[in-house]
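Working notes, beginning with the structure itself.
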Amino acid sequence: QVLLVESGGDSVQAGGSLRLSCAASTITFSMFNMGWHRQAPGKQRELVAYIASDGRTTYTNSMKGRVTISRDNAKDTVYLQMNNLKPEDTGVYYCNAQMVGYDFWGQGTQVTVSS
Numbered sequence: 031q032v033l034l035v036e037s038g039g040d041s042v043q044a045g046g047s048l049r050l051s052c053a054a055s056t057i058t059f060s061m062f063n064m065g066w067h068r069q070a071p072g073k074q075r076e077l078v079a080y081i082a083s084d085g086r087t088t089y090t091n092s093m094k095g096r097v098t099i100s101r102d103n104a105k106d107t108v109y110l111q112m113n114n115l116k117p118e119d120t121g122v123y124y125c126n127a128q129m130v131g132y133d134f135w136g137q138g139t140q141v142t143v144s145s
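Residue numbers (the numbering used here): 31 to 145.
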């Protein structure tokens with residue numbers, strides 16, 4: 031059974047920083063494209079950041095310049111460093127592992143940013 035376990039979510043004040051982690055098990059992690067998605071209350075889930083298996087990265091415009099996605103293939107872990115957080119960044123952050131024919135999701139970690 032594939033497991034993606036997110037951690038690092040917390041309640042912070044605007045301007046603060048958080049580092050989210052997603053540890054994967056039972057997959058060949060290095061072969062997967064990894065993404066962080068966010069679901070704000072009452073809104074659809076949206077992509078925040080993406081790192082391909084070859085290391086290429088993509089960021090959503092709303093968080094570009096404030097987030098960095100990285101991966102450690104030796105630890106089967108993907109990270110999301112978020113800085114200068116804003117109240118609109120509040121939501122549940124989900125880790126996603128994807129490759130052709132496979133699409134796995136974690137349970138999510140809550141991020142709450144207060145003004």
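The beta carbon of each residue, even a glycine, is placed where N, CA and C say it ideally should be. Owing to the predicted nature of the structure, the values given are computational and were not obtained by experimental measurement.
Quiz item: Leaving out the 5 sequence neighbours to the left and right, which residues in its chain are closer than 6 Å to S41 when beta-carbon positions are compared?
Solution: Mapped onto the sequence shown, residue 41 falls at position 11. Answer for S41: T142, listed in chain order.
Exercise. Leaving out five residues on either side along the sequence, give the residues of the same chain with a beta carbon under 7 Å from the beta carbon of Y89.
Key: Sequence index remark: in the sequence shown, residue 89 carries index 59 (1-based). Excluding residues up to 5 positions away in sequence, A79, V97 lie with their Cβ nearer than 7 Å to the Cβ of Y89 in the same chain.
Quiz item: Would you call V102 buried or exposed, if buried means 16 or more other Cβ atoms sit within 10 Å of its Cβ?
Solution: As a working mapping, residue 102 is identified with position 72 in the sequence shown. First, the residue type needs correcting, since residue 102 is Asp and not Val in the sequence shown. Here D102 is exposed, its C-beta having fewer than 16 other C-beta atoms within 10 Å.
Quiz item: Could you check where the beta strand (DSSP E) with T139 kicks off and where it finishes?
Solution: The residue labelled residue 139 in the question sits at position 109 within the sequence shown. Segment 139–144, the beta strand (DSSP E) holding T139.
Exercise. Look up S83 in the DSSP assignment and say whether it is helix, strand or coil.
Key: Stepping through the sequence shown from its first residue, residue 83 is reached at position 53. Residue state, collapsed to three classes: coil.
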